[in-house]
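A.B. asks: Be aware that the sequence shown starts at 1, since it is given in the UniProt record's numbering, and climbs by one per residue.
The beta carbon of each residue, even a glycine, is placed where N, CA and C say it ideally should be.
These numbers come from a predicted model, not from an experiment.
Please find one structure pasted underneath; my questions will follow.
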Amino acid sequence: MIVWSIANQKGGVGKTTTTITLAGLLNQRGKRVLMVDTDPHGSLTTYLGYDSDDLPCSLFELFQLPTINKTTVAPFVLKSDIPGLDIIPAHMSLATLDRVMGNRNGMGLVLKRALKALEADYDYVLIDCPPILGVMMVNALAASTRVLIPVQTEFLAMKGLERMMRTLTIMQRNKPSLFDVTIIPTMYDKRTNASLQTLMDLKNSYQDQVWASAVPIDTKFRDASLKRMPPSFVSPNSRGVFAYKTLLNYLERLA
């Protein structure tokens, strides 16, 4: 089972869009995909049509399980409208997890153990991370084989990326091979100097860690979210979906 975390300590860079689009494309390639929403805002959960205030269970309750095995974890997996595309949903109570349970032993490995219990059921797990370094992001990174970092192609996003890369360096200090990193330029607009310059700076500064292309601005992503479906199901020929197909091809070669 391959586990990718989609993470950045800056909001609004395309983390949820990247998660749902890659998940949809993997599903269309016959892969069994589990998404995990670790953000208290629950954008991914809402995207798939679930009301976070009306959930039978969420990731918050999973973290309180006394025993983690397939039997105890399975009830936290909810189905989407697309067969083979499932989610462990988020709830706003996740925002209290650091305060309520952050000091407990082993808290950083709960998600890794939960996913291990489900590994026979899925080919890929995609974890949508919050933009804050805390228990949830630590859990996501510890569970991952690769960390995908969407970065909006603008100057301020570069500063956010610097913080994120420092976080990853700290996480890997004692275990350098914990995960690989791929930086994904997003919201690219070739008509603007800001996008052109930022893309160039990303490639110069991070070289082999940066995907060579970029995801363009595409209103079709917004249209897909209104329909509660992955963009590749709604607008398969859009330029944004084409970019993510190219990205997925690249990531599968690396896997």
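Going along the chain, which residues of its own chain have a beta-carbon closer than 7 angstroms to the beta-carbon of K190, five neighbours each way excluded?
C.D. replies: These residues qualify, in order along the chain: L196.
A.B. asks: Going by DSSP in three states, D128 sits in which element: helix, strand or coil?
C.D. replies: In the structure shown, D128 sits in a strand (DSSP, three-state: E or B).
A.B. asks: Cutting at 6 angstroms between CB atoms, please list the residues of its own chain near A143, excluding the five before and the five after it.
C.D. replies: Correct list, in chain order: V3, L111, K112 and L115.
A.B. asks: At the 8 angstroms Cβ level, is L62 part of the contact set with chain D, yes or no?
C.D. replies: Reference to chain D is not applicable here, since this structure consists of a single protein chain.
A.B. asks: Since T46 is in the alpha helix (DSSP H), which residue starts that stretch and which ends it?
C.D. replies: First-last of the alpha helix (DSSP H) with T46: S43 to Y47.
A.B. asks: Considering Cα atoms alone, identify which of G12, S80, P56 and L199 is closest to R32.
C.D. replies: Checked all of G12, S80, P56 and L199; the closest Cα to R32 is S80.
A.B. asks: Between V125 and V36, what straight-line distance do the alpha-carbon atoms span, to the nearest angstrom?
C.D. replies: Approximately 7 angstroms between the Cα atoms of the pair.
A.B. asks: Alpha helix (DSSP H) containing T167: first to last residue?
C.D. replies: Unbroken alpha helix (DSSP H) run through T167: F155 to M171.
A.B. asks: State the start and end residues of the unbroken alpha helix (DSSP H) segment that holds residue 257.
C.D. replies: Here the chain covers residues 1 to 255 and nothing more, so residue 257 does not appear.
A.B. asks: Do the CB positions of F179 and L148 come within less than 8 angstroms of each other?
C.D. replies: No, the Cβ-Cβ distance between F179 and L148 is not below 8 angstroms.
A.B. asks: Go through its chain and collect everything with a Cβ distance to Q172's Cβ below 7 angstroms, but skip five positions before and after it.
C.D. replies: Within the same chain, Q172 has close Cβ partners L178.
A.B. asks: Which residue comes first and which comes last in the beta strand (DSSP E) that contains M136?
C.D. replies: Here M136 belongs to no beta strand (DSSP E); instead the alpha helix (DSSP H) covers V135 to A143.
A.B. asks: In the DSSP assignment, what are the bridge partners of L78?
C.D. replies: In the DSSP output, where bridge partners are listed per residue, L78 has I87.
A.B. asks: Taking the C-alpha atoms as reference points, what is the distance between D121 and I88?
C.D. replies: Straight-line Cα distance between these residues: approximately 14 angstroms.
A.B. asks: Is the beta carbon of V151 closer than 8 angstroms to that of A117?
C.D. replies: No, the Cβ-Cβ distance between A117 and V151 is not below 8 angstroms.
A.B. asks: Taking all protein chains shown into account, do 16 or more other C-beta atoms lie within 10 angstroms of the C-beta of T17, making it buried, or fewer, making it exposed?
C.D. replies: Buried is the call here.
A.B. asks: Taking the continuous alpha helix (DSSP H) assigned at P66, which residues delimit it?
C.D. replies: Run containing P66: none; DSSP gives neither H nor E here.
A.B. asks: Tell me which same chain residues have a C-beta within less than 7 angstroms of the C-beta of Y250, skipping the five on either side of it?
C.D. replies: Closer than 7 angstroms at Cβ, skipping near neighbours: W211.
A.B. asks: Closer than 8 angstroms by C-beta to V234: which residues in its own chain qualify, once you throw out the five before and the five after it? Chain order, please.
C.D. replies: So the list reads K220, D223, A224 and K227, once near-sequence residues are dropped.
A.B. asks: Can you grab the Cα-Cα spacing for the pair M137 / K245, in whole Å?
C.D. replies: Distance between the alpha carbons of M137 and K245: 26 angstroms.
A.B. asks: With a threshold of 16 other CB atoms inside 10 Å of the CB of Q207, please say whether the residue is buried or exposed.
C.D. replies: Exposed, by the Cβ-count rule.
A.B. asks: Between the beta-carbon of I20 and the beta-carbon of L44, is there less than 8 angstroms?
C.D. replies: Against a cut-off of 8 angstroms, the Cβ pair of L44 and I20 comes out as a contact.
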